[in-house]
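Visitor: Below are the structure tokens for one structure; questions will follow.
Chains as they are written, first to last, in our numbering: chain E, 2 to 272; chain Z, 442 to 863.
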């Protein structure tokens, strides 16, 4: 029994190390000068540690602007998804109305269409609406998502109808039932949805690249690509330091919501 | 992610084709060009430029803005690795800027989509290096002004070449191969030269130098299995079969630069930006240990020409001011200042007489190489053919396929793709 445990732990530690090592390399590389990053054979520890890469980001490259843009876009996107996906999910799971199955089918169809197919038409629509280079243009198309609707609907189906009927008998209106009875039960899937949407928005590259047409609207990933990757050369120091700053909020968020996240994925899988 | 981007480009290209068909008369017929005139520029001009160029532009533009007090130029930097997608979608959505920086190989795609305005007849810029001008032309019209050029030349370690018994740069193909061999046998190099084993574009200078052409003169038929092409392929292949070039070089970025500075692979073919990269990597004093040279000669010594053009988009609301700005950027003295700021090689021929360029022997080589350059057709068909070309290069260099067979296979694939000439 103990031998199995030791083996298991050894395997887990090895897997964890494999996952963590690239991040450690990134972190250590971000405080190395460029010549050390490219050195062959490479060394783990920086020989002459430097904060130059970070200094560049915070100085001339104004990372604050891009960071602010990314945070704003991600937060509004997450809030929109939490609200709209749960509302739509609730309607599709619990309300009886004609065309319900058809609507759900349509949601499933959009879930199966890859994003690149709708990318250009979506951009043309945003452009015709005059939303190019605005925060609205960056956020609006992602305020709700078929994945989110599906996730919420599947979870909400597990809530007993009796509960909702009891509330209805007590005289609660549909909106009141949704806000006071349904939403408080939805902690785990909402946390999952929030993290997934935050990640998607935070890492989104192509959409902000195309929609933001002045530097002041660029988000972090666009700025990262802009400053670190040239036509023929890559500035690895800047790239690694920038990546550290892009990843830090995600890691912090995941650690903060980890318990909810794991629970949410597990239960969503069961239903 | 790269796959996503590739799929996206294909989709956008399809979307562009559709929109181009919907608009009548924009593609094909040279549009009536606006005139530039000579007065000062006014209004706002938006300019998209890639990475380092956008970073350095504001300093150069200060002079233009001082001379034209009523103009405001807004520069938006675009990341290099996603610039193509950004321009494509902007064209599809009709949200293009006034001026864009387009890679020479993108030209025909964007001109065919009817997105670019014709260069006004009275612009009065140039003369430019003829190799750079070729890709600005489309169906009898001119749609771009060359901004900077880029051409690969030979980089070789003079100290190791001297040890191998060579005091002069290799002039001919035989010299080149002998020097590469001698680098291995007498100068302690692991490989004589770094050549790309699966890069069709890297092979093109050898094909052109041997007198081969990619297409017939009317650009309607590929000629990839001509005797000159096969002979060039055999020469290129011999470097790999004789162990002079590595069949499986490290793909780590900058690995060939590191191998060049430590002397293990003391020759490669590269563009002007390598000078700055090698100075960074090799440290002080390294510049004295190597030199650049024009490519070795077979029938000719032809290299590849690339770079960037400046274009005004068809939808520009302030085209007159935009063209004036482009005229300013193409002046020889602006281009010399630009070279000093960025290292970008001037497209204007007159700029090369400036001591900043003519006085630097490593750079003067690029000026000489630019007298003999060529570029592949800038068509969507070429982009597709390149993938097939890369695959055949790999068969040639890594698997040791017979050159005649490899080129015949490529020709068959190419015939199926077509040249896109109309």
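Cβ coordinates follow ideal geometry from the N, Cα and C atoms, glycine included.
1) My assumption, with CB atoms under 8 Å, is that residue 532 of chain Z sits in contact with residue 558 of chain Z. Please give the rounded CB distance.
2) Going by beta carbon distance, what residues of the same chain come within less than 8 Å of residue 760 of chain Z, once the five residues before and after it are set aside?
3) Under 8 Å Cβ-Cβ, which residues of chain E neighbour residue 522 of chain Z?
4) Applying the criterion that 16 or more other CB atoms from any shown protein chain within 10 Å of the CB defines a buried residue, is residue 820 of chain Z buried or exposed?
5) How would you list, in chain order, the residues of chain Z whose beta-carbon sits under 7 Å from the beta-carbon of residue 214 of chain E?
6) So residue 518 of chain Z is in the beta strand (DSSP E); what residue range does that whole segment cover?
7) Short check: CB of residue 770 of chain Z to CB of residue 751 of chain Z, under 8 Å?
8) Against residue 124 of chain E, what residues of chain Z qualify as contacts under a CB-to-CB distance less than 8 Å, listed in chain order?
9) Expressed to the nearest angstrom, what Euclidean distance is found between the alpha-carbon atoms of residue 727 of chain Z and residue 721 of chain Z?
10) Restricting to Cα atoms, I'd like to know which of Z:589, Z:486, Z:634, Z:577 is closest to residue 707 of chain Z.
11) Nearest chain E C-beta to residue 526 of chain Z closer than 8 Å, yes or no?
12) Please return the same chain residues whose Cβ sits closer than 8 Å to the Cβ of residue 195 of chain E, not counting the five positions on each side in sequence.
13) Along the beta strand (DSSP E) that carries residue 489 of chain Z, what are the first and last residues, could you check?
14) Indicate whether at least one CB of chain Z lies closer than 8 Å to the CB of residue 137 of chain E.
15) Would you call the CB atoms of residue 227 of chain E and residue 499 of chain Z closer than 8 Å?
16) So residue 55 of chain E and residue 219 of chain E are in contact, right, with Cβ under 8 Å, and what is the actual spacing, rounded?
17) Could you tell me whether the segment 203-220 of chain E touches the segment 82-98 of chain E, using the rule of 3 or more Cβ pairs below 8 Å?
18) Compare the C-beta of residue 272 of chain E against all C-beta atoms of chain Z and say whether one is closer than 8 Å.
19) My parser needs the alpha helix (DSSP H) runs of 4 or more residues fully inside the segment 130-200 of chain E; what are they?
20) Would a check of beta-carbon distances place residue 128 of chain E closer than 8 Å to chain Z?
21) If the cut is a Cβ gap below 9 Å, which residues of chain Z does residue 71 of chain E touch?
22) Grab the span of the beta strand (DSSP E) containing residue 709 of chain Z for me, first residue to last.
23) Comparing the C-beta of residue 133 of chain E with each C-beta of chain Z, is any distance below 8 Å?
24) Give me the Cβ distance between residue 737 of chain Z and residue 617 of chain Z, rounded to the nearest whole Å; I'm assuming they're in contact under 8 Å.
25) What does residue 223 of chain E reach in chain Z if we use C-beta pairs closer than 7 Å?
26) Give me the subset of the segment 487-498 of chain Z whose CB atoms are less than 7 Å from a CB atom of chain E, sorted by chain position.
27) Closest Cβ-Cβ distance between residue 210 of chain E and chain Z: below 8 Å?
28) For residue 595 of chain Z, which of helix, strand or coil comes out of DSSP?
29) When the Cα atoms are used, what is the spatial distance from residue 416 of chain Z to residue 685 of chain Z?
30) Looking at the structure shown, is residue 447 of chain Z part of a helix, part of a strand, or coil, going by DSSP?
31) Indicate the three-state DSSP secondary structure (helix, strand or coil) for residue 734 of chain Z in the structure shown.
32) With DSSP collapsed to three states, give me the class of residue 547 of chain Z.
33) Indicate whether at least one CB of chain Z lies closer than 8 Å to the CB of residue 207 of chain E.
Guide: In terms of the structure at hand:
1) Between residue 558 of chain Z and residue 532 of chain Z the Cβ distance is about 13 Å, and since that is not below 8 Å, they are no contact.
2) 475, 539, 558, 753
3) Near residue 522 of chain Z (Cβ distances below 8 Å), the residues of chain E are 226, 230.
4) buried
5) 517, 536
6) 512-519
7) yes
8) 530, 533, 534
9) 9 Å
10) Z:634
11) yes
12) Spatial neighbours of residue 195 of chain E in its own chain (CB-CB distance under 8 Å, excluding positions within 5 residues in sequence) are listed in chain order as 79, 82, 83, 258.
13) 484-491
14) no
15) no
16) The beta carbons of residue 55 of chain E and residue 219 of chain E sit about 19 Å from each other, so the pair does not count as a contact at 8 Å.
17) no
18) For residue 272 of chain E, the pLDDT reaches just 45, beneath the cut-off of 50, and the residue's location in the model is therefore unreliable, although a value from the coordinates is still provided. Chain Z contact via Cβ: absent.
19) DSSP assignment within the segment 130-200 of chain E yields the following whole alpha helix (DSSP H) runs of 4 residues or more, N-terminal first: 136-140, 147-157, 162-170.
20) It does: the Cβ of residue 128 of chain E has a partner Cβ on chain Z nearer than 8 Å.
21) Correct list: empty, because the minimum Cβ distance to chain Z is about 15 Å.
22) 708-711
23) yes
24) 4 Å
25) Chain order gives the chain Z residues near residue 223 of chain E as 520, where near means a beta carbon separation below 7 Å.
26) 491, 492, 493
27) Chain Z contact via Cβ: present.
28) strand
29) In this structure chain Z extends from 442 to 863, so residue 416 of chain Z is not present and cannot be described.
30) Because the pLDDT at residue 447 of chain Z is just 48, under 50, the model does not fix this residue reliably, and the value given afterwards should be weighed accordingly. Correct three-state label for residue 447 of chain Z: helix.
31) strand
32) helix
33) yes
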